[in-house]
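Chemist:
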Amino acid sequence: MSDPEKTIATIDDAISACYGQEAETSINGKTATMEWEPAPASGVQGTAKGYVMNATVNYVSTSLPMYFVAGDGLLIVTNVISGAGERVSDEEFAQLTQAAADTARG
Numbered sequence: 046m047s048d049p050e051k052t053i054a055t056i057d058d059a060i061s062a063c064y065g066q067e068a069e070t071s072i073n074g075k076t077a078t079m080e081w082e083p084a085p086a087s088g089v090q091g092t093a094k095g096y097v098m099n100a101t102v103n104y105v106s107t108s109l110p111m112y113f114v115a116g117d118g119l120l121i122v123t124n125v126i127s128g129a130g131e132r133v134s135d136e137e138f139a140q141l142t143q144a145a146a147d148t149a150r151g
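Residue numbering for the sequence shown follows the numbering used here, starting at 46 and increasing by one per position.
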C-alpha cells in the first residue's frame with residue numbers, strides 16, 4: 046500500500062459523514078437499523094481511527110467496534126472484542142493494536 050494514511054483519511058471521510066444518521070435495511074426479512082459513532086483511538090503509534098457501528102436487528106442491539114491504524118507503510122484493521130463478547134477498554138485496545146502493529150512491522 047503506497048499511502049496508508051491517505052487510505053485512512055478516505056475511510057474516515059466516508060464513515061464520519063454518517064455520524065448521527067440512522068440507516069435502515071432488511072436482513073433475513075427482519076428490519077435492521079445501523080448508526081455510526083466515533084470511538085477513541087489514542088495511545089497507538091501512527092495514524093489511528095476508531096468507529097462503532099450500533100446495530101439493531103429484530104429488537105436485539107449490538108455495538109461493533111472497528112479500528113484502522115496506518116504507519117510505516119502498513120494498514121492494520123482490528124475489531125477487538127473480549128472473550129465475553131464485550132468491547133475491550135480503550136487502554137486494552139491501544140495495547141493490543143500496538144502489539145499487532147509491532148508484529149506486522151517485524
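All C-beta atoms in this analysis are idealised placements derived from N, C-alpha and C, irrespective of residue type, glycine included.
Among the residues of its own chain, which have a CB less than 8 Å from the CB of P49, if the five just before and after it don't count?
Modeler: Along the sequence shown, read from residue 1 onward, the residue named residue 49 stands at position 4. Taken in chain order, the residues that qualify are T92, A115, G116, G118, L119 and L120.
Chemist: Could you check what DSSP says for P83 in three-state terms: helix, strand or coil?
Modeler: Residue numbering aside, residue 83 sits at position 38 when the sequence shown is read from its first letter. DSSP, reduced to helix, strand and coil, places P83 within a strand of the structure shown.
Chemist: Write down the C-beta distance between E67 and T78 rounded to the nearest angstrom, noting that I regard them as a contact closer than 8 Å.
Modeler: Taking the sequence shown and counting its residues from 1, one reaches residue 67 at position 22. Taking the sequence shown and counting its residues from 1, one reaches residue 78 at position 33. 5 Å between Cβ atoms; contact.
Chemist: List the residues that DSSP assigns as beta-bridge partners of K94.
Modeler: For the purposes of this step, residue 94 is identified with residue 49 of the sequence shown, where counting begins at 1. F113, per the DSSP bridge assignment.
Chemist: With burial defined as no fewer than 16 other Cβ atoms inside 10 Å of the residue's Cβ, what is the status of Y64: buried or exposed?
Modeler: To locate residue 64, count along the sequence shown from 1; it is residue 19. Exposure of Y64 is indicated by the presence of fewer than 16 other C-beta atoms within 10 angstroms of its C-beta.
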